[in-house]
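No gaps in the numbering here: position 331 of the sequence shown is 331 in the UniProt record's numbering, and each next residue is one more. Worksheet for the structure shown next.
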Amino acid sequence: MRFRELWDEIAPVGRDADSGGYLRYALTAPELRLREWFRAQADLRGMPVSEDGNGNLFAWWGEPDNGDPNTDGRVGTAAVLTGSHLDSVPHGGAYDGPLGVVSAFLAVDELRATGADPVRPVVVAAFVEEEGARFGVPCLGSRLLTGEIDPDRAAGLRDAAGVSFADALGARPAGADPALADRFAAFVELHVEQGRALVDAGAPVGVASAIWPHGRWRFELRGEGNHAGTTRMADRRDPMLTFAFTVLAANKEARLRGAHATVGRVAVEPNATNAVPSTVTCWLDARAATPETLRELVEAVHAKAAERARRDGTELTVTPESATPLVTFDGGLTDRLADLLAAPVLPTGAGHDAGVLAARLPTAMLFVRNPTGVSHSPAESATDDDCAAGVVALARVLEELACR
Ligand code: GLV
Ligand code: MN
Ligand code: MN
Ligand code: MN
1 MRFRELWDEI APVGRDADSG GYLRYALTAP ELRLREWFRA QADLRGMPVS EDGNGNLFAW
61 WGEPDNGDPN TDGRVGTAAV LTGSHLDSVP HGGAYDGPLG VVSAFLAVDE LRATGADPVR
121 PVVVAAFVEE EGARFGVPCL GSRLLTGEID PDRAAGLRDA AGVSFADALG ARPAGADPAL
181 ADRFAAFVEL HVEQGRALVD AGAPVGVASA IWPHGRWRFE LRGEGNHAGT TRMADRRDPM
241 LTFAFTVLAA NKEARLRGAH ATVGRVAVEP NATNAVPSTV TCWLDARAAT PETLRELVEA
301 VHAKAAERAR RDGTELTVTP ESATPLVTFD GGLTDRLADL LAAPVLPTGA GHDAGVLAAR
361 LPTAMLFVRN PTGVSHSPAE SATDDDCAAG VVALARVLEE LACR
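Below you can see the structure in the form of structure tokens.
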């Protein structure tokens with residue numbers, strides 16, 4: 001087991017010295033370095049790397065499939081897929097994403113050390129733009145691969161500097177792999193836990209049951225930019241007021257429903273201390289246990305923001321940017337892995353590529369305990385011992401799925 005050794009190789013990449021968090025946006029220099037590291041790790045293990053034309057990388061232990069159907073119309077032996085993502089949110093933690101990729105390579109080492117002889121290929125994946133931190137749509141790579149997003153729409157998504165996804169990728173994305181369900185028999189993503197359920201359960205590793213439905217909505221509030229010193233209070237059409245009220249409404253409506261609502265991103269025009277803003281754009285991230293609760297929550301926030309906009313003399317436009325339905329992981333697979341590992345089963349409010357792939361493949365997730373329970377923040381954590389336990393658990397799972 002070389003967890004710390006391997007972990008230290010990537011620890012400095014994209015780390016912001018001031019915050020201690022990571023700036024690993026998809027297809028920018030730090031993430032490209034991690035992709036090079038991924039290729040080098042695959043190379044060290046004699047695992048050929050294939051790309052899917054969407055920015056996702058796959059390292060193969062076992063015959064890489066060229067995707068050409070055999071005479072019976074199927075591609076070769078379906079592989080067991082594992083891995084996660086290498087990108088981060090702004091000033092994100094070290095573990096969200098890379099832990100799943102590092103653990104996957106180490107699980108391959110572990111299996112090989114025990115002389116395991118898989119009857120199915122084992123494939124380590126790194127999915128592109130999982131966080132949606134650069135182009136706005138989370139799980140962009142897995143959504144392209146499964147056909148959940150149109151390649152032309154994905155191609156035209158732009159980052160804050162106006163660079164399109166197609167330009168960052170160097171090509172129009174290839175889109176769905178029609179042979180996906182033949183190529184892969186199952187997907188298992190290992191991920192740091194993003195809450196404290198495993199701390200409470202006293203367990204280093206857990207198995208996911210479900211992902212709450214969630215989505216992102218862009219609220220654009222337009223008023224009248226004007227002078228802070230000369231515009232009488234009664235004469236203002238200030239979108240910042242509508243914004244402030246919207247944030248409070250989102251918090252209240254979420255609490256009322258046992259749901260989660262967050263406004264974590266805002267852009268102000270012209271963003272000057274001495275000007276009433278002309279436009280405030282903010283993004284609502286909303287999540288709930290059921291699709292009905294999520295819909296009610298977003299409708300309630302929208303209605304309250306619209307009512308407030310009327311009072312403030314501002315204009316409101318709400319645009320849905322991404323939606324992820326409720327994901328219930330394959331019950332048979334989840335139970336099998338929970339039994340195998342004697343691990344607790346828990347739901348999560350966080351989105352993952354596993355949630356997207358679950359629509360097409362038997363999919364499961366393993367979580368590794370996070371003592372702080374904090375994620376999407378530099379305070380995210382996991383002990384080396386728990387990470388090692390995660391690797392052992394993943395190796396057992398891969399053995400169960402690929403060697404029998
Ligand atoms: C991704 O990590 C998300 O759930 O926002
Ligand atoms: Mn993640
Ligand atoms: Mn994340
Ligand atoms: Mn995620």
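Idealized CB from N, CA, C, for every residue including glycine.
Consult DSSP for C387 and reduce its assignment to one of helix, strand or coil. Within the sequence shown, the letter at position 387 stands for residue 387. The answer is helix: DSSP assigns C387 an H, G or I state.
Pull up the CB-CB distance for A338 and V207, whole angstroms please, since I reckon it's below 8 Å. One-based indexing of the sequence shown puts residue 338 at position 338. One-based indexing of the sequence shown puts residue 207 at position 207. Yes, A338 and V207 are in contact; Cβ-Cβ is about 5 Å, under 8 Å.
Beta carbon of P270 nearer than 8 Å to that of G202: If you number the sequence shown from 1, residue 270 lands on position 270. If you number the sequence shown from 1, residue 202 lands on position 202. The answer is no: Cβ separation not under 8 Å.
Going by C-alpha to C-alpha distance, which of V192, A29, A40 and P90 sits closest to S19? Residue mapping note: residue 19 aligns to position 19 of the sequence shown, counting from 1. Ranking V192, A29, A40 and P90 by Cα distance to S19 puts P90 first.
Unbroken alpha helix (DSSP H) runs of length 4 or more, entirely within the segment 126-158: which are they? 140-146 and 151-156
Cβ neighbours of E253 in the same chain (closer than 7 Å, five flanking residues each side left out): Numbered from its first residue, the sequence shown carries residue 253 at position 253. If we look at E253 and ignore the five residues flanking it on each side, its Cβ neighbours are A261, L297, A300 and V301.
Residues proximal to ligand 2 by C-beta, any heavy atom closer than 5 Å: D96 and G97
D285 in three-state terms, based on DSSP: Taking the first residue of the sequence shown as position 1, residue 285 is located at position 285. Three-state result, D285: strand.
Residue of G264, V124 and A133 minimising C-alpha distance to Y25: Taking the sequence shown and counting its residues from 1, the one referred to as residue 25 is at position 25. Measuring from the Cα of Y25, the nearest candidate turns out to be A133.
So does the segment 352-364 actually touch the segment 309-320, counting three or more Cβ pairs closer than 8 Å? no
For S381, which three-state DSSP category applies? Reading the sequence shown from its first residue, position 381 is the one you call residue 381. S381 falls in the coil class under three-state DSSP.
Nearest candidate by alpha-carbon position, reference A11, set A155, L34 and A29: Within the sequence shown, the letter at position 11 stands for residue 11. Per the Cα distances, L34.
Within the continuous alpha helix (DSSP H) that includes F243, where are the two ends? By one-based count along the sequence shown, residue 243 stands at place 243. Note, F243: alpha helix (DSSP H), P239 to R257.
Within its chain, find whatever has a CB closer than 8 Å to the CB of G170; leave out the 5 residues flanking it on each side and keep chain order. Against the sequence shown, residue 170 aligns to sequence position 170. Excluding residues within five positions, none has a Cβ falling inside 8 Å.
Within 10 angstroms of the Cβ of E63, are there 16 or more other Cβ atoms? Answer buried if so, exposed if not. Residue mapping note: residue 63 aligns to position 63 of the sequence shown, counting from 1. With fewer than 16 other Cβ atoms within 10 Å, it is exposed.
At least three beta-carbon pairs within less than 8 Å, the segment 183-201 to the segment 353-369: yes
How close, in whole Å, do the beta carbons of D384 and R4 come, if the pair is a contact with beta carbons under 8 Å? Counting from 1 along the sequence shown, the entry for residue 384 is found at position 384. Counting from 1 along the sequence shown, the entry for residue 4 is found at position 4. At roughly 6 Å, the Cβ-Cβ gap stays under 8 Å, so D384 and R4 are in contact.
Could you pull the DSSP bridge partners for S164 from this structure? For this step, residue 164 is matched to residue 164 along the sequence shown. Partner(s): R158.
Could I get the ranges of all uninterrupted alpha helix (DSSP H) runs contained in the segment 319-390, with 4 residues as the minimum, in chain order? 331-341 and 353-357
Cβ shell of V356 (< 7 Å), same chain only, five flanking positions each side left out: Taking the first residue of the sequence shown as 1, we reach residue 356 at position 356. Hits under 7 Å: C139, S142, R143, T146 and E148.
Any chance the CB of G136 is under 7 Å from a heavy atom of ligand 1? On the sequence shown, position 136 is the one that residue 136 refers to. Incorrect: G136 has no Cβ contact closer than 7 Å to ligand 1.
Boundaries of the alpha helix (DSSP H) in which residue 406 is found, first to last residue: Lying before the first or after the last residue shown, residue 406 is absent from the chain, which here runs from 1 to 404.
For residue 406, which three-state DSSP category applies? This structure cannot speak to residue 406, because the chain is shown only from 1 to 404.
If you reduce the DSSP assignment to three classes, tell me which class R120 lands in. Indexing the sequence shown from 1 puts residue 120 at position 120. Three-state result, R120: coil.
Mind listing which residues have their beta carbon within less than 5 Å of any non-hydrogen atom of ligand 1? Chain order is fine. A350 and G351
Within its chain, find whatever has a CB closer than 8 Å to the CB of T324; leave out the 5 residues flanking it on each side and keep chain order. Numbered from 1 along the sequence shown, position 324 holds the residue referred to as residue 324. Cβ within range, chain order: P138, C139, I211, P213, H214, G215, G351, G355 and V356.
Pick from A40, W61, P48 and L27: whose alpha carbon is nearest that of G55? Taking the first residue of the sequence shown as position 1, residue 55 is located at position 55. For the residues A40, W61, P48 and L27, the minimum Cα distance to G55 belongs to L27.
On the CB-based measure, 16 or more other CB atoms within 10 Å of its CB, does N274 come out buried or exposed? Taking the sequence shown and counting its residues from 1, one reaches residue 274 at position 274. Burial call: exposed.
For H85, does the three-state DSSP call read helix, strand or coil? In the sequence shown, residue 85 corresponds to position 85, counting from 1. The answer is strand: DSSP assigns H85 an E or B state.
Ligand 3 heavy atom lying under 7 Å from the CB of H260: As a first step, residue 260 must be located in the sequence shown, where it is residue number 260. Checking the Cβ of H260 against ligand 3 gives no.
Ends of the beta strand (DSSP E) at S50? For this step, residue 50 is matched to residue 50 along the sequence shown. First-last of the beta strand (DSSP E) with S50: V49 to E51.
Neighbourhood of V266 by C-beta distance below 8 Å, restricted to the same chain and skipping five residues each side: Here residue 266 refers to the residue found at position 266 when the sequence shown is read from its first residue. The residues are F243, V280, T281, C282 and W283.
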